[in-house]
Amino acid sequence: MEYNHREIESRWQQRWRDDQTYKCDIDKSKKKFYVLDMFPYPSGAGLHVGHPLGYIASDIYSRFKRLQGYNVLHPMGYDAYGLPAEQYAIQTGQHPEVTTRINIDRYRNQLDKIGFSYDWSREIKTCDPEYYKWTQWAFIKMFGSYYDTKTDKAEPIEKLEAYFNEHGSFDCPAEGSKELIFTADEWKAMSEKEKSDVLMNYRIAYLGNTMVNWCPKLGTVLANDEVSEGVSIRGGYPVEQKMMYQWCLRVSAYAQRLLEGLEKVDWTDSLKETQRNWIGRSEGAEMLFPVADSDEVLEIFTTRADTVFGVTFMVLAPESIYVDKVTTPGQRKAVDEYIKSIKHKTERERMIDKKVSGVFTGAYAVNPLTGKNIPIWVSDYVLAGYGTGAIMAVPAHDSRDYAFAKHFDLPIIPLIEGADVSEESFDAKSGKMINSASAELDLNGLEVKDAIAKTKKFISEKGIGKVKVNYRLRDAIFSRQRYWGEPFPVYYKDGIAHVLDESELPLQLPEVDAYLPTETGEPPLGRAKNWVNKDGYPLELCTMPGFAGSSAYYFRYMDPRNDKALVSKEANDYWRAVDLYIGGTEHATGHLIYSRFWNKFLYDLGEVCEDEPFRKLINQGMIQGRSNFVYRIKDTNTFVSYGLKDEYEVTPIHVDVNIVSNDILDQEAFRNWRPEFKDAEFITEDGKYICGYAVEKMSKSMFNVVNPDDIVERYGADTLRLYEMFLGPLEQSKPWDTNGIDGVNRFIKKLWNLFYKGDQLLVDDSEPTADNLKSLHKLIKKVTGDIELFSFNTSIAAFMICVNELAAQKCHSRKVLSELLIVLAPFAPHVTEELWHSAIGNTTTICDAEWPEFNEDYLKESTVNYAVSFNGKTRYNISAAADAPKEEVEKLALEHEAASRWLDGKTVRKIIVVPGKIVNIVAN
RNA sequence: GCCCGGAUGGCGGAAUCGGUAGACGCGCCGGUCUCAAACACCGGUGGGGCGACCCAUCCCGGUUCGAUCCCGGGUCCGGGUACCA
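Residue numbers (the numbering used here): 34 to 957.
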């Protein structure tokens with residue numbers, strides 16, 4: 034029998050499907066293990082060779098855990114809502130559901146060819162009503178909850194209403210968008226609409242008038258993590274800031290718990306750090322600066338309370354509500370003009386344009402510590418969304434304030450001993466304070482750290498400020514003015530938002546005649562006929578964002594067909610949290626924050642039993658493309674090989690990597706590739722046309738996309754799986770280079786040749802030799818350890834060594850070869866399954882086998898090698914009995930024929946012997 | 001700017017605890033097979049030197065008997081993030 038990957042792989046894939054080999058169910062007699070991939074958005078382009086990298090890794094780990102006796106949950110599904118399908122729908126009129134279904138089928142087809150051990154009976158799609166029912170359900174729960182600062186968890190909004198009835202807003206234990214002040218009597222006297230507005234201020238899912246990232250080109254708002262450098266991540270369109278009334282999720286209420294939760298999970302430090310930065314906790318103080326000759330008081334946030342003596346001006350964000358209140362009549366015109374000039378700039382323009390700009394309001398604030406009057410300015414370098422939208426400026430010790438002060442010629446007072454502020458500010462938080470004393474407070478001579486603490490204490494005692502922790506993390510904007518997303522289970526009655534009853538879910542996405550906004554500028558759902566609730570009240574026109582459906586999908590896999598609950602208590606208690614989660618780093622600040630928030634919310638409600646969703650997380654690296662180039666001689670149709678190109682004036686042209694092999698161009702295929710190259714001439718090196726290469730993003734326009742289907746067709750899924758893992762460390766980004774794939778393909782053939790020689794079966798029942806057992810157990814030990822470390826590339830190297838050794842030993846022992854197959858099965862499931870049956874003679878699948886334990890006894894060496902060094906330089910090797918005492922090893926080292934040459938007249942000072950490793954002789 | 005990674009042969013990468021640097025694979029060179037080529041198989045392959053040996057893990061310094069690994073300083077590359085007070 035010859036190794037025939039096509040026949041073997043299709044046969045076993047069919048068998049696994051027919052037998053439902055990988056279907057899993059709750060089995061309390063076994064330990065569970067939940068392995069999850071970040072589910073894909075099924076794009077129209079299909080999978081390229083980079084996509085399955087993480088899936089292969091998780092599949093290897095799942096199969097490994099299964100062989101170790103765990104009950105493994107390893108599901109897959111699709112994140113089916115998204116902008117590309119809708120953009121395509123706008124262009125073609127094709128319903129996004131149709132495109133999405135086609136894309137999903139294609140993905141499934143491609144995934145199936147790679148031989149994954151998914152339990153497809155648990156497949157989910159976020160656009161299925163049975164699925165998004167639970168997304169809508171969670172939204173209703175969030176609408177019905179507030180975040181209680183006393184119990185530090187989400188609580189039913191009714192509890193807050195009861196509190197208002199009793200105490201009004203006094204000492205209100207709820208996280209709110211803004212501080213509201215009312216008595217119990219005032220609360221009771223409020224109209225229904227007024228009460229609803231008050232409660233909206235505290236709900237976890239709330240309607241809020243917030244500054245949003247508005248993308249005019251996409252016609253929708255975007256979340257912070259959907260925007261990078263002022264443009265949308267999908268499409269790269271400009272994004273501007275706009276005030277809009279939108280649904281939001283009070284993620285910020287969970288900031289501290291999201292931060293603390295990171296301590297409990299097994300993620301990489303860099304990912305945790307990224308999340309910490311995104312949450313951006315900063316401890317500081319809120320301080321009050323009264324406005325001179327006015328009743329207004331400016332509230333500011335600072336982390337440098339110690340620098341109050343150096344405050345020489347105040348700055349307001351252009352959007353700050355204070356601007357209007359403090360501007361003097363004389364400055365009104367200048368301020369209005371400045372604000373107008375800022376408004377028509379997009380966020381991107383504001384970022385690119387780093388020129389200092391601002392305007393004086395005409396008003397002065399009183400420094401509460403020095404009593405001095407300081408001018409109040411307006412500038413766009415102060416952000417409205419962070420802190421209070423107003424700052425105290427300390428130009429000596431903040432580079433932004435410094436630039437502003439220099440530009441407008443404002444005073445700069447140094448506060449730290451030895452700080453030279455003539456050229457730049459001194460931003461470091463260290464040194465001894467100077468110029469910082471008043472009758473009541475003296476900071477001079479103190480270290481910055483101590484001065485901050487002393488000032489904080491002073492201002493809170495004096496009532497001119499309070500200690501405050503600020504977070505950079507903002508609430509998530511949850512409305513999208515789009516069609517292809519989950520409809521909100523919300524209707525409006527008398528201008529008040531109400532949620533549907535849970536029994537009315539799912540609220541299905543209606544049909545529309547076009548996927549564009551209406552003539553009046555309403556979102557696409559405005560086109561739907563009868564878009565009203567059962568009593569005829571209008572339903573919400575926005576839909577939910579992409580992250581809505583992906584925030585709790587891992588619960589649904591535990592119990593995917595349950596129509597009574599997101600997940601049954603029984604299923605959740607058994608599967609609990611994801612034990613291993615594999616996906617890309619691009620989700621560090623989006624999906625991985627939202628999921629953790631969503632999970633904690635459900636945990637607060639008692640709906641789920643774990644408060645962190647993902648115990649261990651691995652970020653697989655990106656697979657980049659490796660592009661090939663041909664070099665056309667200018668103004669000709671002649672192409673010159675890479676090594677000779679410098680002799681001509683050439684233009685590099687991307688060439689399809691699929692007609693290049695080992696950087697050698699298939700010249701005939703090139704002529705047929707495109708009409709303009711039909712008559713191409715080549716200047717070759719020894720008849721070969723060598724292409725240049727570069728590492729770039731894998732994309733159609735670079736002609737460097739490698740399709741996994743082509744690799745599977747040519748080499749087989751097992752080769753693809755092994756090669757993807759062999760390319761390098763899982764977490765590292767690396768270019769795809771098909772050049773090396775023959776190596777792992779050869780390995781599989783060598784493996785095959787251990788079992789068959791032509792049609793002859795070689796496997797017999799001979800007893801394994803000591804060498805056989807040593808080769809095998811060395812492998813088992815190495816692979817068992819490597820899999821736990823996700824070091825799959827080194828595992829594969831170990832397989833290659835083992836197979837080479839067993840071949841050299843002419844090992845045909847059934848015992849040895851069958852264990853070799855089990856260990857290899859997670860990596861190359863098809864060929865191992867085939868040999869397991871045809872050559873070893875088993876009738877059950879290899880998936881039911883047991884992972885072999887390695888036996889240290891077989892690995893013991895009778896002799897060990899020592900490297901002998903003189904003064905640290907390794908000179909020669911000796912071999913000694915494994916259990917030889919130190920003295921004997923020393924003696925052997927010194928008796929070696931080369932020893933005298935190295936010692937030559939020197940005297941030995943000491944000898945260091947590291948057992949089994951090295952003998953270092955120190956001499957002088 | 002700040003935070004986090006990384007730098008090892010012609011290439012991808014190994015060295016998992018501070019102990020023989022370069023595992024494994026690609027490529028390349030040589031050989032076997034073939035009329036020939038491809039495939040396959042076998043052998044060699046960091047650089048220098050006839051050799052004993054010498055030089056090599058981005059650069060400079062330190063700790064150590066011994067450093068790819070630990071510490072200090074620097075260069076370059078990649079990723080994240082940003083007027084966050």
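Even for Gly, the Cβ is constructed at its ideal location relative to N, Cα and C. A quick note: this is a predicted structure, and the numbers were derived from the prediction, not measured.
Would V952 and V922 be called neighbours here (beta carbons separated by less than 8 angstroms)? yes
Mind pulling the beta strand (DSSP E) runs of 3 or more residues that sit fully within the region 208 to 259? 238 to 248, 253 to 255
Does the Cβ of F832 have 16 or more other Cβ atoms within 10 Å, making it buried, or fewer, making it exposed? buried
Compute the Euclidean distance between the alpha carbons of P108 and I157, then round it to the nearest angstrom. 9 angstroms
When the Cβ atoms of the region 253 to 261 are set against those of the region 426 to 440, are three or more pairs found closer than 8 angstroms? no
Sequence-distant residues of the same chain with beta carbon closer than 7 angstroms to N778, five excluded per side: Y748, T752
Top-ranked residue by Cα proximity to Q765, from T421, E643, G617: G617
State the CB to CB distance for the pair V663 and V688, rounded to an integer number of angstroms; the pair is presumed to be in contact (CB under 8 angstroms). 5 angstroms
Bridge partners - D70, DSSP secondary structure assignment: I615
Do D339 and L474 have their CB atoms nearer than 8 angstroms? no
Touching by the beta-carbon criterion (3+ pairs, under 8 angstroms), the region 270 to 277 and the region 114 to 129: no
Going by the beta-carbon positions, is the gap between C248 and S265 smaller than 8 angstroms? yes
Should L506 and A288 be called a contact, given that it needs their Cβ atoms to be closer than 8 angstroms? yes
Helix, strand or coil for S150? Go by DSSP, reduced to three states. coil
Does the beta-carbon distance from E222 to E199 come in below 8 angstroms? Residue identity check: residue 222 is Ala in the sequence provided, not Glu. Cβ atoms of A222 and E199: not closer than 8 angstroms.
Alpha carbon to alpha carbon, how far is V745 from I774? 11 angstroms
Using only the alpha-carbon positions, how far apart do F736 and D743 sit? 15 angstroms
Going by CA-CA distance only, name the one from P593, F710, E643 that's closest to Y164. P593
What residue range does the alpha helix (DSSP H) around L809 cover? 803 to 821
Taking C-beta to C-beta, are V739 and T771 nearer than 8 angstroms? yes
Would you be able to state if there are at least three C-beta pairs under 8 angstroms between the region 453 to 470 and the region 416 to 430? yes
Give the DSSP bridge partners of C575, in chain order. Answer is none; C575 lacks a bridge partner.
One or two residues paired with H531 in a DSSP bridge: Y524
Start-end ranges of the beta strand (DSSP E) lying completely within the region 821 to 907, minimum 3 residues: 896 to 903
Just to check my reading of the structure: M244 and G404 have Cβ atoms closer than 8 angstroms, yes? What is that Cβ distance to the nearest angstrom? Actually they are not in contact, since the Cβ atoms of M244 and G404 sit about 35 angstroms apart, beyond 8 angstroms.
6 angstroms Cβ shell around I944 - same chain, five flanking residues per side excluded: E923, I954
Whole-angstrom Cβ separation of D679 and C724, contact assumed at under 8 angstroms? Not a contact, Cβ separation roughly 15 angstroms.
Among residues of its own chain, excluding the 5 on either side of K909, which ones have a beta-carbon nearer than 7 angstroms to its beta-carbon? The sequence as given places Tyr at residue 909; Lys does not occur at that position. Contacts found: V901, H929, A931.
Please report how far the alpha carbon of S412 lies from the alpha carbon of V392, in whole angstroms. 7 angstroms
Within its chain, find whatever has a CB closer than 8 angstroms to the CB of R309; leave out the 5 residues flanking it on each side and keep chain order. L292, L295
Can you find the residues in the same chain that come closer than 7 angstroms, C-beta to C-beta, to A530, ignoring five residues on each side of it along the sequence? L240, V523
Report the residue from D230, L635, L542 whose alpha carbon sits nearest the alpha carbon of D527. D230
Can you say whether A509 is buried or exposed, counting buried as having 16 or more other CB atoms within 10 angstroms of its CB? buried
C-beta atoms of Y121 and G77 nearer than 8 angstroms: yes
The region 786 to 802 / the region 840 to 848 touching (three or more Cβ pairs under 8 angstroms): yes
Within the region 471 to 554, note down every full beta strand (DSSP E) run reaching 3 residues or more, in order along the chain. 498 to 504, 523 to 526, 529 to 532
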